[in-house]
Amino acid sequence: MRTSQRVVAPLAFLCTLVLLTACDLVGEASGPTATGSAAFSPTSTPLLTQPAPTPEPTFLVYKVQPNDKLAKIAKRFKTTVDSIGYWNRTRYKTLDPDSSAYAPDSIKIGWLLRIHPGQTTDGDFVEPTHSPPASPSPSASPSA
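So our numbering is basically just the index in the sequence shown, starting at one, shifted up by 1.
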């Protein structure tokens, strides 16, 4: 036997042995066992993860222009004057609907108003925090 034949023959034997072993394992795994059930059944293991947190409301910032009125801005962004007031009451005290200083028509050119288009809120509005609330607030739901 030549040197190349001495290397190829054991390699071929090894490959055949691996192939036969694999076939036997598959055959045994898919066949019934002594209890009558399959020894191997591919199942997907559920991956347990935490759900993604509900994102905070995304506000846009509107810069008050000459001749702007809060009612006009509210209509443009499909919200209410009071909602804009609640969203901005910590920055501009005259926009707080619960305050005796409430004066929604006293907005000034250049003010930066936080607005959540298409959303409304009432007096129970809480400023967004960096952590999600324990339970959703029905008062901060979108208007229909």
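The C-beta atom is built at its ideal place from N, Cα and C for all residues, glycine as well.
This structure is a prediction, so every number in the text was calculated from the model and none was measured.
Assuming Val82 is part of the alpha helix (DSSP H), what are its boundary residues? 82 to 89
CA-CA distance, Lys73 and Val62? 16 Å
Supposed contact pair Trp112 and Val65 - C-beta distance, whole angstroms, cut 8 Å: Right, their Cβ atoms sit about 4 Å apart.
Taking the beta strand (DSSP E) that Arg77 belongs to, which residues open and close that run? Here Arg77 belongs to no beta strand (DSSP E); instead the alpha helix (DSSP H) covers 71 to 77.
Measuring alpha carbon to alpha carbon, tell me which residue in Lys76, Ile85, Leu49, Pro67 is nearest His117. Ile85
Quick check on DSSP: helix, strand or coil for Leu96? helix
When burial is assigned at 16 or more other CB atoms within 10 Å of the CB, is Ile108 buried or exposed? Of the other Cβ atoms in all chains shown, 16 or more fall within 10 Å of the Cβ of Ile108; this residue is therefore buried.
Looking at C-alpha atoms only, which residue of Asp69, Ile110, Trp88 is the closest neighbour of Thr121? Trp88
Which word fits Asp97, buried or exposed, when buried means at least 16 other C-beta atoms lie within 10 angstroms of its C-beta? Classified as buried, Asp97 has 16 or more neighbouring CB atoms from the shown chains inside 10 Å of its CB.
Counting C-beta neighbours from all protein chains within 10 Å, is the total for Leu49 16 or more, i.e. buried, or is it exposed? exposed
Lys64: first and last residue of the uninterrupted beta strand (DSSP E) it sits in: 61 to 64
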